[in-house]
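Below is one structure, written out as structure tokens; comments come after it.
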Amino acid sequence: MSKEKNQYDAIVVGSGISGGWAAKELCEKGLKTLVLERGRNVEHIKDYPTMNKAPWEFEHRGKESQEVQEKYYVQSKTYAFDEGSKHFWVNDKENPYTHPEDKEFRWLRGNHVGGRSLTWGRQSYRLAPMDFEANVKDGIAVDWPIRYEDLAPWYDKVEEFVGISGRNEGYAQLPDGKFQPPMDMYCVEEKVKGAIEKNWDDRFMTIGRTANLTQNKHNRTKCQYRNLCSRGCPFGGYFSSQASTLPAASATGNMTLRPNSIVESVILDEKTNKAKGVRIIDAETNEYHEYYAKVIFLCASTLGSTWIMLNSKSDRFPDGLGNTSGTLGKYLMDHHFEVYVKAEFDDFKDKYHTGYRPNGIYIPRFQNIKSQHPDFIRGYGFQGGGNRVGWGYGNRLAGFGAEFKDALLKPGPWEMSFMPFGETLPYEDNQVTLNENVRDKWGLPTLHIDCEFKENEHQMRKDMMKTGKEMLEVAGGKNIEAVNLPAVPGFGIHEMGTARMGRDPKTSMLNKHNQLHEVPNVFVTDGSAMTSSACQNPSLTYMALTARAVDFAVSELKKMNL
Numbered sequence: 090m091s092k093e094k095n096q097y098d099a100i101v102v103g104s105g106i107s108g109g110w111a112a113k114e115l116c117e118k119g120l121k122t123l124v125l126e127r128g129r130n131v132e133h134i135k136d137y138p139t140m141n142k143a144p145w146e147f148e149h150r151g152k153e154s155q156e157v158q159e160k161y162y163v164q165s166k167t168y169a170f171d172e173g174s175k176h177f178w179v180n181d182k183e184n185p186y187t188h189p190e191d192k193e194f195r196w197l198r199g200n201h202v203g204g205r206s207l208t209w210g211r212q213s214y215r216l217a218p219m220d221f222e223a224n225v226k227d228g229i230a231v232d233w234p235i236r237y238e239d240l241a242p243w244y245d246k247v248e249e250f251v252g253i254s255g256r257n258e259g260y261a262q263l264p265d266g267k268f269q270p271p272m273d274m275y276c277v278e279e280k281v282k283g284a285i286e287k288n289w290d291d292r293f294m295t296i297g298r299t300a301n302l303t304q305n306k307h308n309r310t311k312c313q314y315r316n317l318c319s320r321g322c323p324f325g326g327y328f329s330s331q332a333s334t335l336p337a338a339s340a341t342g343n344m345t346l347r348p349n350s351i352v353e354s355v356i357l358d359e360k361t362n363k364a365k366g367v368r369i370i371d372a373e374t375n376e377y378h379e380y381y382a383k384v385i386f387l388c389a390s391t392l393g394s395t396w397i398m399l400n401s402k403s404d405r406f407p408d409g410l411g412n413t414s415g416t417l418g419k420y421l422m423d424h425h426f427e428v429y430v431k432a433e434f435d436d437f438k439d440k441y442h443t444g445y446r447p448n449g450i451y452i453p454r455f456q457n458i459k460s461q462h463p464d465f466i467r468g469y470g471f472q473g474g475g476n477r478v479g480w481g482y483g484n485r486l487a488g489f490g491a492e493f494k495d496a497l498l499k500p501g502p503w504e505m506s507f508m509p510f511g512e513t514l515p516y517e518d519n520q521v522t523l524n525e526n527v528r529d530k531w532g533l534p535t536l537h538i539d540c541e542f543k544e545n546e547h548q549m550r551k552d553m554m555k556t557g558k559e560m561l562e563v564a565g566g567k568n569i570e571a572v573n574l575p576a577v578p579g580f581g582i583h584e585m586g587t588a589r590m591g592r593d594p595k596t597s598m599l600n601k602h603n604q605l606h607e608v609p610n611v612f613v614t615d616g617s618a619m620t621s622s623a624c625q626n627p628s629l630t631y632m633a634l635t636a637r638a639v640d641f642a643v644s645e646l647k648k649m650n651l
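Mind the numbering: the sequence shown is residues 90 to 651 in this note's numbering, read in order.
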């Protein structure tokens, strides 16, 4: 291929939540854009093979076979993995990484066009003003180089295009947004909400803010309440790159999508200190190719983008692209969860829900807002929801015979469960490095991930248990169960922070525009850019940061500054 044929205005690496947004925004602003994805192509509807299958149509009724568990020994642990969605997760045997024996890390990945936008949990919350100020107030890590006001109009833009349903509630710690009508709460959820808000003046419950449509939008049909989202939605009822951003990019005529393209490195022009392009390996032929552009957006997911920068070594940057600060790969964060609190309720025996709502409730953070907790800083929010137990509750009942079978035709009790997500602090020694000794199938070095939750997180988890139980108790819950399972980093699938934004090039990788301090035409807008983790689901923030960064990048290109 000639260099001329491989020349574009912009290159986007990755096609998931962030990459799809970068592609849409760059293409709509008139840039000829190459989108590179390391995995196979996945076309909307056409490549959702299980989207309409009934449980009895699966060979193992949705469960994973022993053979599948052996191939997907990390991926199969996540809630969104089953027989109907395994094709959207990587084969762990073919995608190795390492971690210390005593520090498990679960790296959950989808290497295909659309990435994890096809399987994400869709909960979409803004960070609050206090989240952007937390590091500097606590004297931890570095200060965010932006504030809530800088991102607020971009949250607006993203929410309106994505289609997020939810209630505007006026909570300071959870800013309101541009929402479609909310989904309804179930009767038991309304009961718990009322009890919480009656007994505490700083705790509130709302319906989840989710990227599932409640009104038709563009060429997408509103959510059908099938709750089969992780198989791919033929209606486009939830936001994914396939249903939303990639079609918008393609409609401009400016996008070229190249799947099966493993970005091996960013090519640096050491005379100008700018990137010339990227070097890829064709995943099918093993051939190397180079593509060139004026601006590059790394959106390959936190650990994917960090791997590319670590592997992009040169005389100018022997420790990785733009890494004279030595911060690349450090300060890895993920939300900690796996605390579960559940109760049964005797009420509402004459009520049942219709359909399978793919959403739950949200209780915004309430600790360390008005007063300081003695045992930890920052906080957590509760997700979860209510449901009426169906016939499957017979799995945990003793019995046999006709009478037992007849009993299974009657619904069980209403239950309410809480699953909190907690903020993790940015620790320098939670880091990823290149492992030159373990190579992948293309001969490339792999990642070594050394990460653990520390005392602040463990103290927070004790409080999650305590407050979860007390909220269900005041609501009249019975048979309350609370468990604190071993917390494993990566399992929250919210990894972030390894190429953080900051004000000082000596202590951070990116400036306030997600631009590499030292390589100004490279932008990083996925989770690696996060300076702190807050406790809210982060994907909405990645999308807003991406849209904002593209706007700046195109403005700088027009001014001939890049």
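All C-beta atoms, glycine included, are put in the ideal place defined by N, C-alpha and C.
| query | result |
| --- | --- |
| For ARG198, the three-state DSSP class (helix, strand or coil) | coil |
| Beta-carbon contacts of GLU667 that lie in its chain and below 8 angstroms, excluding the five residues immediately before and after | Outside the modelled stretch of the chain, which goes from 90 to 651, sits residue 667, for which no answer is possible. |
| C-alpha gap between ASN519 and GLY418, whole angstroms | 8 angstroms |
| Minimum C-alpha distance to THR443 - residue among CYS276, VAL102, ALA564 and GLU172 | CYS276 |
| Same chain only: Cβ atoms within 7 angstroms of THR310, ignoring 5 sequence neighbours per side | PHE324, GLY325 and GLY326 |
| Reduced DSSP secondary structure (H/G/I, E/B, other) of HIS462 | coil |
| Nearest candidate by alpha-carbon position, reference THR334, set LEU115, TYR161 and ARG467 | LEU115 |
| Coarse secondary structure for ASN257, derived from DSSP in three states | coil |
| Coarse secondary structure for ASN524, derived from DSSP in three states | strand |
| Extent of the continuous alpha helix (DSSP H) run through ASN400 | 391-400 |
| 8 angstroms Cβ cutoff met for SER394 and SER206 | no |
| Residues near TYR162 in its chain [Cβ-Cβ closer than 7 angstroms; skip 5 each side] | ASP181 |
| CB of ASN257 within 8 angstroms of CB of ASN448, strictly | no |
| Rounded separation between ASP220 and TYR516 - CA only | 17 angstroms |
| Neighbour-count burial assignment, SER628, 16 or more Cβ in a 10 Å radius | buried |
| Selected residue, minimal CA-CA separation from LYS558, among VAL428, LEU651 and CYS322 | VAL428 |
| Inter-residue CB distance, GLU353 and ASN400 (contact presumed, cutoff 8 angstroms) | 7 angstroms |
| Beta-carbon separation (whole angstroms), ALA659 vs LEU263, contact threshold 8 angstroms | The displayed coordinates of the chain run from 90 to 651. Any statement about residue 659 would go beyond what the structure contains. |
| Proximity winner among GLY532, ASN412 and TRP503, relative to ALA432 (alpha-carbon distances) | TRP503 |
| Cross-strand partners of MET508 (DSSP beta bridge) | GLN472 |
| Sequence-distant residues of the same chain with beta carbon closer than 7 angstroms to ARG320, five excluded per side | TYR137, THR139, MET140, GLY173 and SER174 |
| Range covered by the alpha helix (DSSP H) that runs through PHE493 | 490-496 |
| Which listed residue (SER104, ASN610, HIS602 and LEU387) has its alpha carbon closest to that of ARG347 | SER104 |
| Closest Cα partner of ARG467 within the set LYS246, LYS383 and GLU512 | GLU512 |
| Spatial neighbours of LEU120 in its chain, beta-carbon cut-off 6 angstroms, leaving aside the 5 residues before and after | ASP98 and ALA99 |
| ARG550 versus ARG446, HIS424 and SER107, residue with shortest Cα-Cα distance | HIS424 |
| Between the CA atoms of PHE386 and SER597 - distance to the nearest angstrom | 18 angstroms |
| Option in PRO463, ILE134, LYS567 and LYS595 with minimal Cα separation from ASN545 | PRO463 |
| Residues bridged to ALA364 [DSSP beta-bridge criterion] | LEU357 |
| Among VAL478, ALA588, LEU240 and GLY283, nearest to LEU497 - alpha-carbon criterion | VAL478 |
| CB of GLN269 within 8 angstroms of CB of GLN472, strictly | no |
| 7 angstroms Cβ shell around GLU183 - same chain, five flanking residues per side excluded | LYS530 |
| Cβ-Cβ distance between VAL521 and LEU605 below 8 angstroms | no |
| Cut-off 7 angstroms between Cβ atoms - residues of its own chain near ILE134, not counting five sequence neighbours on either side | PRO323 |
| Coil, strand or helix - GLN158 by DSSP | helix |
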